[in-house]
Amino acid sequence: MMEKYEVAIVGCGPAGLQAAIHTARRKLKTIVFGKPEASALYRAHMENYFGFAEKVSGEDLIKAGLAQILRFGAEHVPEDVVSLETTDEGFKVVSESGSEILAGALILALGVTRRKKKIKGEAELVGKGVSYCVDCDGFFFRGEPVAVVGEGSAAVHGALTLSRIASEVYLVAEKLGVTEALEHELLQSSVKWIRTQAEEVLGEEAVSGLRLSDGTVLQVKGVFFEEGAKGALELATALGVALDPENMRYIQVDRRQATNVPGVFAAGDVTGPPFQVAKAVGEGCIAAISAADFLSEKNRARKVED
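Taking this note's numbering, the leading residue of the sequence shown gets 100, the next gets one more, and so forth.
See the structure below:
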(Lines of atoms letter the chains of each structure in order from A; the text may use other names.)
(Lines give C-alpha, C1' and ligand atoms only; values in the text may rest on other atoms or scores of the structure.)
Protein backbone atom coordinates (compact mmCIF):
# COMPACT_ATOMS: atom_id res chain seq x y z
CA MET A 100 0.00 0.00 0.00
CA MET A 101 1.36 3.41 -1.01
CA GLU A 102 2.23 5.87 1.74
CA LYS A 103 0.02 8.94 1.79
CA TYR A 104 1.13 12.57 2.11
CA GLU A 105 -0.89 15.73 2.21
CA VAL A 106 1.51 17.63 -0.04
CA ALA A 107 4.08 16.39 -2.56
CA ILE A 108 6.54 18.90 -4.01
CA VAL A 109 8.43 18.16 -7.21
CA GLY A 110 11.64 20.17 -7.23
CA CYS A 111 14.34 20.95 -4.69
CA GLY A 112 15.25 24.49 -5.71
CA PRO A 113 14.27 27.75 -3.99
CA ALA A 114 10.59 27.53 -5.02
CA GLY A 115 10.16 23.94 -3.86
CA LEU A 116 12.05 24.41 -0.61
CA GLN A 117 10.16 27.60 0.27
CA ALA A 118 6.88 25.81 -0.43
CA ALA A 119 7.94 22.94 1.83
CA ILE A 120 8.85 25.34 4.64
CA HIS A 121 5.30 26.71 4.65
CA THR A 122 3.43 23.41 4.29
CA ALA A 123 5.58 21.71 6.94
CA ARG A 124 5.16 24.66 9.31
CA ARG A 125 1.40 24.21 8.90
CA LYS A 126 1.88 20.60 10.06
CA LEU A 127 0.93 19.17 6.69
CA LYS A 128 2.64 15.87 5.92
CA THR A 129 5.05 16.99 3.19
CA ILE A 130 7.46 15.20 0.90
CA VAL A 131 9.93 16.87 -1.48
CA PHE A 132 11.44 15.14 -4.51
CA GLY A 133 14.55 16.34 -6.29
CA LYS A 134 18.33 16.53 -6.36
CA PRO A 135 19.60 19.75 -4.76
CA GLU A 136 22.61 19.93 -7.07
CA ALA A 137 20.27 19.90 -10.11
CA SER A 138 18.85 23.31 -9.20
CA ALA A 139 20.03 26.17 -11.43
CA LEU A 140 20.76 28.08 -8.22
CA TYR A 141 23.15 25.45 -6.82
CA ARG A 142 26.23 26.62 -8.76
CA ALA A 143 25.33 30.31 -8.84
CA HIS A 144 26.48 33.23 -6.68
CA MET A 145 24.32 36.24 -5.84
CA GLU A 146 25.06 39.75 -4.67
CA ASN A 147 21.53 41.14 -4.88
CA TYR A 148 19.50 38.84 -2.63
CA PHE A 149 17.55 40.39 0.23
CA GLY A 150 19.26 40.26 3.61
CA PHE A 151 22.78 39.40 2.39
CA ALA A 152 25.29 42.26 2.27
CA GLU A 153 28.00 40.04 0.80
CA LYS A 154 27.97 37.58 -2.08
CA VAL A 155 26.15 34.37 -1.16
CA SER A 156 26.49 31.02 -2.92
CA GLY A 157 23.47 29.21 -4.26
CA GLU A 158 24.82 25.97 -2.80
CA ASP A 159 24.79 27.48 0.70
CA LEU A 160 21.22 28.74 0.24
CA ILE A 161 19.98 25.38 -1.04
CA LYS A 162 21.68 23.46 1.77
CA ALA A 163 20.29 25.87 4.38
CA GLY A 164 16.79 25.54 2.91
CA LEU A 165 17.04 21.76 2.86
CA ALA A 166 18.10 21.68 6.52
CA GLN A 167 15.19 24.00 7.30
CA ILE A 168 12.50 21.80 5.73
CA LEU A 169 13.85 18.72 7.50
CA ARG A 170 13.84 20.59 10.81
CA PHE A 171 10.18 21.49 10.27
CA GLY A 172 9.28 17.85 9.59
CA ALA A 173 9.19 17.59 5.79
CA GLU A 174 10.75 14.55 4.11
CA HIS A 175 13.21 14.72 1.22
CA VAL A 176 13.77 12.10 -1.47
CA PRO A 177 16.89 12.96 -3.52
CA GLU A 178 15.49 11.45 -6.70
CA ASP A 179 13.83 12.73 -9.86
CA VAL A 180 10.14 12.13 -10.47
CA VAL A 181 9.48 10.09 -13.60
CA SER A 182 5.68 10.08 -13.66
CA LEU A 183 2.63 11.77 -12.18
CA GLU A 184 -0.89 10.41 -12.30
CA THR A 185 -4.32 11.53 -11.11
CA THR A 186 -6.19 8.99 -8.95
CA ASP A 187 -9.45 8.94 -7.00
CA GLU A 188 -7.43 9.64 -3.83
CA GLY A 189 -5.27 12.45 -5.21
CA PHE A 190 -2.02 12.23 -7.13
CA LYS A 191 0.35 9.30 -7.56
CA VAL A 192 4.02 10.26 -7.70
CA VAL A 193 6.60 7.78 -8.98
CA SER A 194 10.32 8.45 -8.48
CA GLU A 195 13.23 7.12 -10.53
CA SER A 196 13.89 4.24 -8.11
CA GLY A 197 10.31 3.06 -8.62
CA SER A 198 8.94 4.16 -5.23
CA GLU A 199 5.35 5.43 -5.25
CA ILE A 200 3.40 7.74 -2.95
CA LEU A 201 -0.05 9.35 -2.92
CA ALA A 202 -0.53 13.07 -2.27
CA GLY A 203 -3.61 15.18 -1.68
CA ALA A 204 -2.05 18.24 -3.32
CA LEU A 205 0.85 18.68 -5.70
CA ILE A 206 3.28 21.59 -6.13
CA LEU A 207 5.37 21.59 -9.30
CA ALA A 208 8.61 23.50 -8.77
CA LEU A 209 10.90 21.56 -11.08
CA GLY A 210 12.48 24.53 -12.84
CA VAL A 211 13.28 24.54 -16.54
CA THR A 212 15.85 22.58 -18.49
CA ARG A 213 18.55 24.77 -19.98
CA ARG A 214 19.81 22.87 -22.99
CA LYS A 215 23.46 22.91 -23.87
CA LYS A 216 24.47 24.11 -27.30
CA LYS A 217 22.63 22.26 -30.05
CA ILE A 218 24.60 19.87 -32.21
CA LYS A 219 24.84 20.18 -35.98
CA GLY A 220 21.65 19.28 -37.80
CA GLU A 221 19.51 19.28 -34.66
CA ALA A 222 17.63 22.56 -35.17
CA GLU A 223 17.06 21.90 -38.87
CA LEU A 224 15.37 18.55 -38.23
CA VAL A 225 13.10 19.44 -35.30
CA GLY A 226 9.72 17.90 -36.08
CA LYS A 227 11.32 15.80 -38.82
CA GLY A 228 12.66 13.12 -36.52
CA VAL A 229 14.22 15.29 -33.81
CA SER A 230 12.13 15.52 -30.65
CA TYR A 231 12.47 16.73 -27.07
CA CYS A 232 9.66 14.64 -25.57
CA VAL A 233 9.57 10.85 -25.59
CA ASP A 234 6.14 10.74 -23.97
CA CYS A 235 4.76 13.09 -26.63
CA ASP A 236 6.32 11.71 -29.81
CA GLY A 237 7.54 8.20 -29.04
CA PHE A 238 4.46 6.55 -30.57
CA PHE A 239 5.33 7.98 -34.02
CA PHE A 240 8.46 5.80 -34.09
CA ARG A 241 6.80 2.46 -33.45
CA GLY A 242 8.90 -0.27 -35.04
CA GLU A 243 11.68 2.16 -36.01
CA PRO A 244 15.28 2.48 -34.72
CA VAL A 245 15.83 5.56 -32.51
CA ALA A 246 18.47 7.22 -30.35
CA VAL A 247 18.17 9.10 -27.07
CA VAL A 248 20.84 11.72 -26.38
CA GLY A 249 21.35 12.98 -22.84
CA GLU A 250 22.12 12.12 -19.23
CA GLY A 251 19.94 11.83 -16.14
CA SER A 252 16.65 10.17 -15.33
CA ALA A 253 14.76 11.76 -18.23
CA ALA A 254 17.13 10.22 -20.79
CA VAL A 255 17.24 6.78 -19.14
CA HIS A 256 13.52 6.64 -18.51
CA GLY A 257 12.89 7.86 -22.07
CA ALA A 258 15.11 5.14 -23.51
CA LEU A 259 13.31 2.49 -21.45
CA THR A 260 9.93 3.78 -22.62
CA LEU A 261 11.07 3.69 -26.25
CA SER A 262 12.37 0.13 -25.83
CA ARG A 263 8.73 -0.95 -25.64
CA ILE A 264 7.86 0.95 -28.83
CA ALA A 265 10.83 1.17 -31.20
CA SER A 266 12.64 -1.66 -32.96
CA GLU A 267 16.02 -0.62 -31.57
CA VAL A 268 17.04 2.01 -29.00
CA TYR A 269 20.45 3.58 -28.45
CA LEU A 270 21.21 5.73 -25.42
CA VAL A 271 24.10 8.11 -26.16
CA ALA A 272 25.52 9.28 -22.83
CA GLU A 273 29.03 9.43 -21.40
CA LYS A 274 27.59 8.92 -17.92
CA LEU A 275 24.11 8.31 -16.49
CA GLY A 276 23.80 10.16 -13.18
CA VAL A 277 20.79 8.13 -11.97
CA THR A 278 19.99 5.86 -9.05
CA GLU A 279 21.44 2.34 -8.95
CA ALA A 280 17.94 0.92 -9.39
CA LEU A 281 17.30 2.85 -12.59
CA GLU A 282 20.78 2.05 -13.95
CA HIS A 283 20.21 -1.64 -13.21
CA GLU A 284 16.88 -1.52 -15.07
CA LEU A 285 18.60 0.05 -18.07
CA LEU A 286 21.39 -2.54 -18.14
CA GLN A 287 18.85 -5.36 -17.98
CA SER A 288 16.85 -3.91 -20.89
CA SER A 289 17.34 -4.12 -24.65
CA VAL A 290 18.61 -0.51 -24.79
CA LYS A 291 22.17 -0.19 -26.13
CA TRP A 292 24.10 2.30 -23.99
CA ILE A 293 26.83 4.02 -26.03
CA ARG A 294 29.25 5.92 -23.79
CA THR A 295 30.25 8.79 -26.03
CA GLN A 296 28.89 12.09 -27.38
CA ALA A 297 26.58 12.90 -30.28
CA GLU A 298 28.12 15.13 -32.97
CA GLU A 299 25.57 15.56 -35.75
CA VAL A 300 22.02 14.65 -36.69
CA LEU A 301 22.02 13.46 -40.30
CA GLY A 302 19.28 13.86 -42.87
CA GLU A 303 17.68 16.34 -45.26
CA GLU A 304 13.90 16.06 -45.23
CA ALA A 305 13.94 13.66 -42.27
CA VAL A 306 16.41 12.13 -39.81
CA SER A 307 18.48 9.38 -41.40
CA GLY A 308 21.17 8.88 -38.78
CA LEU A 309 23.21 10.18 -35.85
CA ARG A 310 26.97 10.69 -36.08
CA LEU A 311 28.91 10.13 -32.86
CA SER A 312 32.16 11.74 -31.71
CA ASP A 313 34.16 8.64 -32.70
CA GLY A 314 32.86 8.84 -36.27
CA THR A 315 30.35 6.02 -35.90
CA VAL A 316 26.97 6.61 -37.54
CA LEU A 317 23.84 5.15 -35.95
CA GLN A 318 21.20 4.35 -38.54
CA VAL A 319 18.15 5.77 -36.81
CA LYS A 320 14.89 7.43 -37.84
CA GLY A 321 14.40 9.46 -34.67
CA VAL A 322 16.64 11.31 -32.21
CA PHE A 323 15.28 12.33 -28.81
CA PHE A 324 17.18 14.91 -26.74
CA GLU A 325 16.52 14.44 -23.03
CA GLU A 326 18.60 15.93 -20.20
CA GLY A 327 18.34 15.97 -16.42
CA ALA A 328 14.96 15.36 -14.85
CA LYS A 329 11.67 15.15 -16.67
CA GLY A 330 10.36 18.64 -17.31
CA ALA A 331 7.06 20.44 -17.30
CA LEU A 332 6.11 19.27 -20.78
CA GLU A 333 6.22 15.59 -19.87
CA LEU A 334 5.06 15.62 -16.24
CA ALA A 335 2.49 18.40 -16.24
CA THR A 336 0.75 17.51 -19.48
CA ALA A 337 0.31 13.92 -18.25
CA LEU A 338 -1.99 15.41 -15.60
CA GLY A 339 -3.78 17.64 -18.08
CA VAL A 340 -2.07 20.79 -16.77
CA ALA A 341 -2.21 23.63 -19.30
CA LEU A 342 0.99 25.16 -20.64
CA ASP A 343 1.39 28.72 -21.88
CA PRO A 344 -0.12 28.97 -25.38
CA GLU A 345 2.68 31.15 -26.72
CA ASN A 346 5.56 28.66 -26.65
CA MET A 347 4.23 25.65 -24.69
CA ARG A 348 7.22 25.63 -22.31
CA TYR A 349 5.85 27.01 -19.06
CA ILE A 350 2.97 26.06 -16.77
CA GLN A 351 0.04 28.47 -16.71
CA VAL A 352 -0.98 29.60 -13.21
CA ASP A 353 -3.27 32.20 -11.68
CA ARG A 354 -2.43 34.62 -8.87
CA ARG A 355 -2.73 31.77 -6.36
CA GLN A 356 -0.16 29.73 -8.34
CA ALA A 357 -3.01 27.32 -9.15
CA THR A 358 -3.09 25.46 -12.46
CA ASN A 359 -6.23 24.47 -14.34
CA VAL A 360 -6.18 21.10 -12.52
CA PRO A 361 -7.65 21.30 -8.98
CA GLY A 362 -5.02 20.46 -6.39
CA VAL A 363 -2.05 21.12 -8.66
CA PHE A 364 0.02 24.27 -8.12
CA ALA A 365 3.26 25.50 -9.69
CA ALA A 366 6.02 27.90 -8.68
CA GLY A 367 9.41 29.19 -9.79
CA ASP A 368 11.08 29.05 -13.19
CA VAL A 369 8.56 26.48 -14.43
CA THR A 370 5.93 29.27 -14.55
CA GLY A 371 8.09 31.38 -16.86
CA PRO A 372 10.40 34.41 -16.69
CA PRO A 373 11.84 36.36 -15.02
CA PHE A 374 14.16 33.64 -13.73
CA GLN A 375 14.98 35.17 -10.37
CA VAL A 376 15.40 33.55 -6.94
CA ALA A 377 13.23 36.20 -5.29
CA LYS A 378 10.36 35.39 -7.67
CA ALA A 379 10.78 31.65 -7.09
CA VAL A 380 10.74 32.05 -3.30
CA GLY A 381 7.66 34.27 -3.42
CA GLU A 382 5.76 31.92 -5.70
CA GLY A 383 6.75 28.94 -3.56
CA CYS A 384 5.24 30.66 -0.53
CA ILE A 385 2.00 31.45 -2.38
CA ALA A 386 1.74 27.92 -3.83
CA ALA A 387 2.14 26.40 -0.36
CA ILE A 388 -0.54 28.62 1.18
CA SER A 389 -2.88 27.87 -1.72
CA ALA A 390 -2.25 24.12 -1.44
CA ALA A 391 -2.98 24.26 2.31
CA ASP A 392 -6.21 26.17 1.65
CA PHE A 393 -7.20 23.65 -1.03
CA LEU A 394 -6.75 20.76 1.41
CA SER A 395 -8.70 22.58 4.12
CA GLU A 396 -11.61 23.24 1.76
CA LYS A 397 -11.52 19.62 0.62
CA ASN A 398 -11.64 18.38 4.21
CA ARG A 399 -14.53 20.70 5.07
CA ALA A 400 -16.49 19.48 2.03
CA ARG A 401 -15.86 15.87 3.03
CA LYS A 402 -17.17 16.51 6.56
CA VAL A 403 -20.31 18.13 5.18
CA GLU A 404 -20.91 15.08 2.95
CA ASP A 405 -20.42 12.74 5.92
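C-beta: ideal position from N, C-alpha, C; glycine also.
- For Phe-190, the beta-bridge partners assigned by DSSP are Thr-185 and Ala-202.
- The region 114-171 contains, as complete beta strand (DSSP E) runs of 3+ residues, the segments 129-132 (chain order).
- Burial of His-175 is indicated by the presence of at least 16 other C-beta atoms within 10 angstroms of its C-beta.
- Taking a C-beta distance under 9 Å as the contact criterion, Ala-379 and Pro-177 do not qualify as a contact pair.
- Contact between Ala-258 and Glu-243 does not hold, since their C-beta atoms are separated by about 14 Å, which reaches or exceeds 8 Å.
- Annotation for Glu-325: no alpha helix (DSSP H) segment contains it, and DSSP assigns it neither H nor E.
- Excluding the 5 residues flanking it on each side, Ser-196 has same chain C-beta neighbours closer than 7 Å at Glu-178, Thr-278, Ala-280 and Leu-281, in chain order.
- Residue nearest to Thr-370 within the set Met-100, Gly-220 and Glu-345 is Glu-345 (criterion: CA-CA distance).
- Out of Leu-270, Phe-190, Gly-228 and Met-101, the CA that lies nearest to the CA of Ala-107 is found in Phe-190.
- The beta-bridge partner set that DSSP reports for Tyr-104 consists of Ala-202.
- Spanning the alpha carbons of Glu-303 and Ile-350 requires a straight line of approximately 33 Å.
- Residue pairing of Val-176 in beta bridges, as defined by DSSP: Phe-132.
- Excluding sequence positions up to five before and after Gln-117, its CB lies within less than 6 Å of the CB of Val-380, Gly-383 and Cys-384, all in the same chain and listed in chain order.
- In this structure, Ala-328 lies away from Ala-365, with their beta-carbon atoms at least 9 Å apart.
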